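First comes the structure, then the notes that go with it.
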Amino acid sequence: MKLNNIGYLLKEGFRGIFQHGFMSFAAICVTVACLVIVGSFSILAYNLDIMVEDLNKTSEILVYIDSSLPDAEARSIGTKINLLDNVLQSTFVSREEALEDFVKDHDDDSAFNGVQASDLRHRYVVTLEDNTKMKQTDEQLKQLPGVVKTSAAYELAEGFSTIQSVLHIVSVAVIAVLLVVSLLIISNTVKLAMYDRRDEIAIMKMVGATNGFIRLPFVVEGFSLGMLGAILAFGLEWVGYDAMLTKISSVDALQLFHFVPFQELLLPMVATFAAAGMFVGIVGSWTSIRKFMDV
Amino acid sequence: MIEFTDVVKSYAQGNKALNGVSMQIEDGEFVFLVGPSGSGKSTIIKLITGELKPTSGTVHVNGYSLERIRKREIPYLRRTVGVVFQDFRLISKMTVYENVAFAMRVVGAREKEIKERVPYVLELVGLENKMNRHPGEMSGGEQQRLAIARALVNNPSTIIADEPTGNLDPERSFEIMALLQEINNLGTTVLVVTHAQNLVELFGKRVVAINEGKVVSDGLGEENNHEAE
């Protein structure tokens, strides 16, 4: 393709957008709708993922140390705990600190009247790298000399893991389905625009235009429509998300949920919307024109 | 040059559109291709323009071997063959000038070349005063002249006219045929597919008659008439 043609082809591509105003408007609307749905679902999934992750991080194993061991020996067990594969962090809590915590956590101080620190055991609060392996790690901790008892909520940890896995699968499936749907709709919209110009394409073929030359304006048109749709969808997503956060922050009952601010998602969202807009526009127009090339 | 050697073309349904066609059209010749509907004329045109490939035999058009042409070579073959259709196939939203310039643009011509060549070709077909008109504002004869201008603008060595006078009255038909003869006089090979027996006789050019996928006669109009008798 000659360089002096590039300007003409780009101009033709942009001209096509205005020449088929209604079709272009329809294609942009469909792209915006699909990308807003995909984007909203992705943000929701991301937020839920973070919330589940945060909840998951609160899962820990309490490791109780034999009360007959001297303090120094009890503290040295931490080194052995940290050597275990799945252990992220272990924090030593002395029996005195444990009593203080109990008292702090309960409004009724009288419940602890007469309880001495010596009645309690030294303990470690152990957090894990992978909570799905909580049971195995718990077994390993129990085997350590000096450990008399552990306390771990497997069911809770497993529940969180299951929620996370289901969430991942559902998000991927929904996003894939919506992308395919938008691709098909864009492809059909572009196909209608192509149908409108089939005579032009036939004449181009007849006088000896190459396939690349015929395709490029339509691909430029599809790309521009996809990108315009992506920019509008991105703006709507931003405004909508910020409005939702403002609304949530004003309702006390919803303070439990922590949503990440849109600014934190800016780069991945720009990249995703741009890539999706480009993909939908280029693939949509490319596949539509194939049918019209066999003249 | 166009050369068909023992060409067979069968379609998927199994019917043979061409059954051993051999003919040769030299550079600069003017040839009429005649025959009843379904005789294989359209198949011959489609083979020449690379829309179809022969089932067997060889087809050579302006240096390209159509039986083994690559897909990406077809646009370059088509630049050597200008085609004119009965229904004109013009772009109604473009002006006369734009319709012709469009044919140059899509093969990558520069604007300077376009500005020089389009008025020259429009003058050749007698449309120099109608450059800003749209096809819908012109008569059938003028539209066909415009279609001829578009076919000519990229300077092809061959013009194929498929029933160019099918939609025109006798007077306009004669004018179009005279224009094609004028173009032929300038050195372009012209192949006209037609049913208009009166025009074929009037112009006294070589006539290739085809029937049921075979060449049944090939010679000057008069000789053909005698052979047919």
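Chain order of the listed sequences is A and B.
703 is the number of the first residue of the first sequence in this note's numbering; add one for each residue after it.
227 is the number of the first residue of the second sequence in this note's numbering; add one for each residue after it.
Built from N, CA and C at the ideal position, the CB exists for glycine as well.
Model, not experiment: these values are computed from the prediction.
Answer with yes or no whether the minimum CB distance from residue i to chain B is below 7 Å.
{"i": "glycine 979 (chain A)", "result": "no"}
{"i": "glutamate 902 (chain A)", "result": "yes"}
{"i": "methionine 908 (chain A)", "result": "yes"}
{"i": "lysine 788 (chain A)", "result": "Note on identity: in this sequence residue 788 (chain A) is asparagine, with lysine being the wrong assignment. No, no contact with chain B."}
{"i": "glycine 718 (chain A)", "result": "no"}
{"i": "asparagine 707 (chain A)", "result": "yes"}
{"i": "methionine 995 (chain A)", "result": "no"}
Hey, quick one: how far does the alpha helix (DSSP H) through residue i stretch, first residue to last?
{"i": "aspartate 807 (chain A)", "result": "797-807"}
{"i": "methionine 403 (chain B)", "result": "396-411"}
{"i": "leucine 244 (chain B)", "result": "Premise fails: leucine 244 (chain B) lies in the beta strand (DSSP E), 242-251, not in any alpha helix (DSSP H)."}
{"i": "leucine 947 (chain A)", "result": "913-951"}
{"i": "serine 820 (chain A)", "result": "Per DSSP, serine 820 (chain A) belongs to no alpha helix (DSSP H) and is neither H nor E."}
{"i": "glycine 780 (chain A)", "result": "773-785"}
{"i": "valine 326 (chain B)", "result": "322-331"}
{"i": "threonine 463 (chain B)", "result": "Summary: the structure shown does not reach residue 463 (chain B), with chain B confined to residues 227 through 455, and so no result is reported for it."}
{"i": "leucine 372 (chain B)", "result": "366-378"}
{"i": "proline 301 (chain B)", "result": "300-304"}
{"i": "glutamate 902 (chain A)", "result": "900-908"}
How about residue i and residue j: do their beta carbons lie closer than 7 Å?
{"i": "alanine 854 (chain A)", "j": "aspartate 840 (chain A)", "result": "yes"}
{"i": "isoleucine 783 (chain A)", "j": "tyrosine 748 (chain A)", "result": "no"}
{"i": "isoleucine 274 (chain B)", "j": "valine 287 (chain B)", "result": "yes"}
{"i": "alanine 377 (chain B)", "j": "valine 322 (chain B)", "result": "no"}
{"i": "serine 884 (chain A)", "j": "cysteine 736 (chain A)", "result": "yes"}
{"i": "glycine 439 (chain B)", "j": "leucine 244 (chain B)", "result": "yes"}
{"i": "glycine 942 (chain A)", "j": "valine 333 (chain B)", "result": "no"}
{"i": "leucine 316 (chain B)", "j": "proline 345 (chain B)", "result": "no"}
{"i": "aspartate 768 (chain A)", "j": "valine 850 (chain A)", "result": "yes"}
{"i": "proline 919 (chain A)", "j": "glutamate 714 (chain A)", "result": "yes"}
{"i": "isoleucine 402 (chain B)", "j": "glycine 261 (chain B)", "result": "no"}
{"i": "asparagine 788 (chain A)", "j": "lysine 835 (chain A)", "result": "yes"}
{"i": "asparagine 890 (chain A)", "j": "methionine 995 (chain A)", "result": "no"}
{"i": "glycine 928 (chain A)", "j": "valine 734 (chain A)", "result": "no"}
{"i": "valine 426 (chain B)", "j": "valine 433 (chain B)", "result": "yes"}
{"i": "serine 383 (chain B)", "j": "threonine 306 (chain B)", "result": "yes"}
{"i": "valine 416 (chain B)", "j": "isoleucine 385 (chain B)", "result": "yes"}
{"i": "serine 236 (chain B)", "j": "lysine 242 (chain B)", "result": "yes"}
{"i": "arginine 917 (chain A)", "j": "isoleucine 991 (chain A)", "result": "yes"}
Is there a C-beta anywhere in chain A that falls below 7 Å from the one on residue i?
{"i": "lysine 235 (chain B)", "result": "no"}
{"i": "isoleucine 228 (chain B)", "result": "no"}
{"i": "glycine 334 (chain B)", "result": "yes"}
{"i": "alanine 422 (chain B)", "result": "no"}
{"i": "glutamate 453 (chain B)", "result": "Bear in mind that a pLDDT of 47 at glutamate 453 (chain B), under 50, signals an unreliable position, so the number given afterwards is only what the model happens to contain. So no, glutamate 453 (chain B) is outside the interface."}
{"i": "alanine 238 (chain B)", "result": "no"}
Using DSSP's beta-bridge definition, name the partner residues of residue i.
{"i": "glutamine 791 (chain A)", "result": "A:Thr829"}
{"i": "phenylalanine 230 (chain B)", "result": "B:Met249, B:Val285"}
{"i": "tyrosine 290 (chain B)", "result": "B:Val287"}
{"i": "isoleucine 767 (chain A)", "result": "A:Val849"}
{"i": "threonine 415 (chain B)", "result": "B:Thr384"}
{"i": "lysine 235 (chain B)", "result": "B:Leu244"}
{"i": "leucine 259 (chain B)", "result": "B:Val419, B:Val434"}
{"i": "glycine 715 (chain A)", "result": "BP columns for glycine 715 (chain A) are empty, so no partner."}
{"i": "alanine 854 (chain A)", "result": "A:Ile763"}
Could you give the first and the last residue of the continuous beta strand (DSSP E) run that contains residue i?
{"i": "threonine 384 (chain B)", "result": "384-388"}
{"i": "serine 443 (chain B)", "result": "440-446"}
{"i": "asparagine 437 (chain B)", "result": "432-437"}
{"i": "glycine 254 (chain B)", "result": "Taken as a continuous stretch (DSSP letters only), glycine 254 (chain B) belongs to no beta strand (DSSP E), as it is neither H nor E."}
{"i": "glycine 352 (chain B)", "result": "Run containing glycine 352 (chain B): none; DSSP gives neither H nor E here."}
{"i": "glycine 308 (chain B)", "result": "307-311"}
At the 7 Å Cβ level, is residue i part of the contact set with chain E, yes or no?
{"i": "glycine 816 (chain A)", "result": "Of the chains in the structure shown, none is chain E; the protein chains are A and B."}
Exercise. Could you name the residues of the segment 290-311 of chain B whose beta carbon sits closer than 7 Å to any beta carbon of chain A, in the order they occur along the chain?
Key: Contact annotation: in the segment 290-311 of chain B, residues whose CB is within less than 7 Å of a CB in chain A are Pro301, Tyr302, Arg304, Arg305, Val309.
Quiz prompt | Residues, ordered as in the chain, of the segment 912-928 of chain A that lie near chain B by beta-carbon distance below 8 Å | solution = Taking a C-beta cut-off of 8 Å against chain B, the contacting residues of the segment 912-928 of chain A are Thr912, Asn913, Phe915, Ile916, listed in chain order.
Quiz item: Which of the residues in the segment 724-755 of chain A, read from start to end, lie with their CB under 9 Å from any CB of chain B?
Solution: Going along the segment 724-755 of chain A in chain order, one finds no residue with a Cβ nearer than 9 Å to chain B.
Quiz item: Given a limit of 7 Å on CB to CB distance, which residues of the segment 312-341 of chain B reach chain A?
Solution: Taking a C-beta cut-off of 7 Å against chain A, the contacting residues of the segment 312-341 of chain B are Arg315, Ile317, Ala329, Arg331, Val332, Val333, Gly334, Arg336, listed in chain order.
Quiz item: Using a beta-carbon distance cut-off of less than 9 Å, what residues from the segment 374-392 of chain B approach chain A?
Solution: Against chain A - using a Cβ distance shorter than 9 Å - the residues of the segment 374-392 of chain B are Arg376, Ala377, Val379, Asn380, Pro382.
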